[in-house]
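A.B. asks: Just passing along the structure, written as structure tokens.
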Amino acid sequence: MTQQELKTAIQKHYSYIFEESLIDEIATVAVTKNFNEGDILIEIGNTIFKMPLLLEGVIKILREAPDEGELLLYFLEKGDTCAMTMACCMGKTKSEIRAVAETDGTVLMLPVEKMEEWLGKYKSWRSFVFDSYTNRMKEMLNAIDTLAFMNMNERLIKHLNEKAKVNHTHIMQITHQEIADELNTSRVVISRLLKVLEDEGKIKLNRNIIELL
DNA sequence: ACATTAAGTGATT
DNA sequence: AATCACTTAATGT
Numbered sequence: 021m022t023q024q025e026l027k028t029a030i031q032k033h034y035s036y037i038f039e040e041s042l043i044d045e046i047a048t049v050a051v052t053k054n055f056n057e058g059d060i061l062i063e064i065g066n067t068i069f070k071m072p073l074l075l076e077g078v079i080k081i082l083r084e085a086p087d088e089g090e091l092l093l094y095f096l097e098k099g100d101t102c103a104m105t106m107a108c109c110m111g112k113t114k115s116e117i118r119a120v121a122e123t124d125g126t127v128l129m130l131p132v133e134k135m136e137e138w139l140g141k142y143k144s145w146r147s148f149v150f151d152s153y154t155n156r157m158k159e160m161l162n163a164i165d166t167l168a169f170m171n172m173n174e175r176l177i178k179h180l181n182e183k184a185k186v187n188h189t190h191i192m193q194i195t196h197q198e199i200a201d202e203l204n205t206s207r208v209v210i211s212r213l214l215k216v217l218e219d220e221g222k223i224k225l226n227r228n229i230i231e232l233l
């Protein structure tokens with residue numbers, strides 16, 4: 021990608037947030053990185069040296085228990101960044117979460133020194149970082165509410181809807197086991213709940229496929 | 001045709 | 001809602 025193309029790509033998602041001069045700076049220091057569905061982008065315990073800005077695609081953020089249990093916290097979409105990463109970069113701590121690519125996509129990697137420098141230099145950058153924290157906090161509360169107040173059937177329906185939304189399709193290629201992992205339950209439970217939803221006419225099931233109606 | 005993987009089911013806790 | 005212990009169905013080689 022040429023620098024001009026890079027700049028255009030950044031403008032596509034960030035021109036309403038960042039001033040021109042900041043976009044220029046980003047374009048000069050950013051390294052683009054493509055990823056494929058299923059790629060593990062950040063593993064728990066990793067130390068992060070670059071801050072990512074999502075240009076295309078969807079990334080899911082998961083919390084993992086010591087005994088191999090997983091739980092999906094939220095999705096990141098284009099224009100988002102990972103608050104956890106920002107905290108890691110600046111605080112020099114290790115990642116508490118795992119980031120896995122939900123779809124193919126592209127991220128920009130920014131050097132930590134720059135993101136600190138821009139905090140003092142650009143108002144738009146400060147608001148962006150601040151807003152990102154606020155949004156992630158909201159998503160986190162949402163995840164807690166879901167976990168605390170909803171039963172598995174409701175959680176499943178919510179999860180399917182969110183998945184359809186971020187993937188921009190109502191026909192999803194996924195196994196019951198994968199859903200079970202993301203909701204930290206067992207496959208049998210998911211299979212049974214899905215079966216009921218199908219009988220109710222809310223979804224259509226095929227091997228590896230779930231269609232929302 | 002056979003092996004592998006995904007999904008369905010009854011019984012039990 | 002989880003687990004066990006299967007069975008059945010779909011798919012790959």
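Position one of the first sequence corresponds to residue 21 (this note's numbering), numbered consecutively onward. Cβ coordinates follow ideal geometry from the N, Cα and C atoms, glycine included.
How many Å lie between Y142 and L93 at the Cα?
C.D. replies: 30 angstroms
A.B. asks: Quick check on DSSP: helix, strand or coil for K222?
C.D. replies: coil
A.B. asks: Would you mind listing the alpha helix (DSSP H) stretches within the stretch 40-66 that are 4+ residues and don't spill past its ends, in chain order?
C.D. replies: 40-49
A.B. asks: What residue from T67, M160, K27 and K224 has the CA that sits closest to L42's CA?
C.D. replies: K27
A.B. asks: Are L176 and L203 closer than 8 angstroms when you measure CB to CB?
C.D. replies: yes
A.B. asks: Can you tell me whether I229 is helix, strand or coil according to DSSP?
C.D. replies: strand
A.B. asks: Could you tell me which residues DSSP pairs with M71 in its beta bridges?
C.D. replies: L130
A.B. asks: Can you tell me whether K112 is helix, strand or coil according to DSSP?
C.D. replies: coil
A.B. asks: For the structure I just gave you, are there three or more beta carbon pairs, one from the stretch 191-199 and one from the stretch 66-79, closer than 8 angstroms?
C.D. replies: no
A.B. asks: Within 10 angstroms of its Cβ, does R156 collect 16 or more other Cβ (buried), or is it exposed?
C.D. replies: Classification for R156: buried.
A.B. asks: Report the rounded CA-to-CA distance for T48 versus E137, giving the unit in angstroms.
C.D. replies: 15 angstroms
A.B. asks: Since G99 sits in a beta bridge, which residues does DSSP pair it with?
C.D. replies: G99 pairs with nothing; no bridge assigned.
A.B. asks: Nearest by alpha-carbon distance to Y34: which of T101, I62 and R83 is it?
C.D. replies: T101
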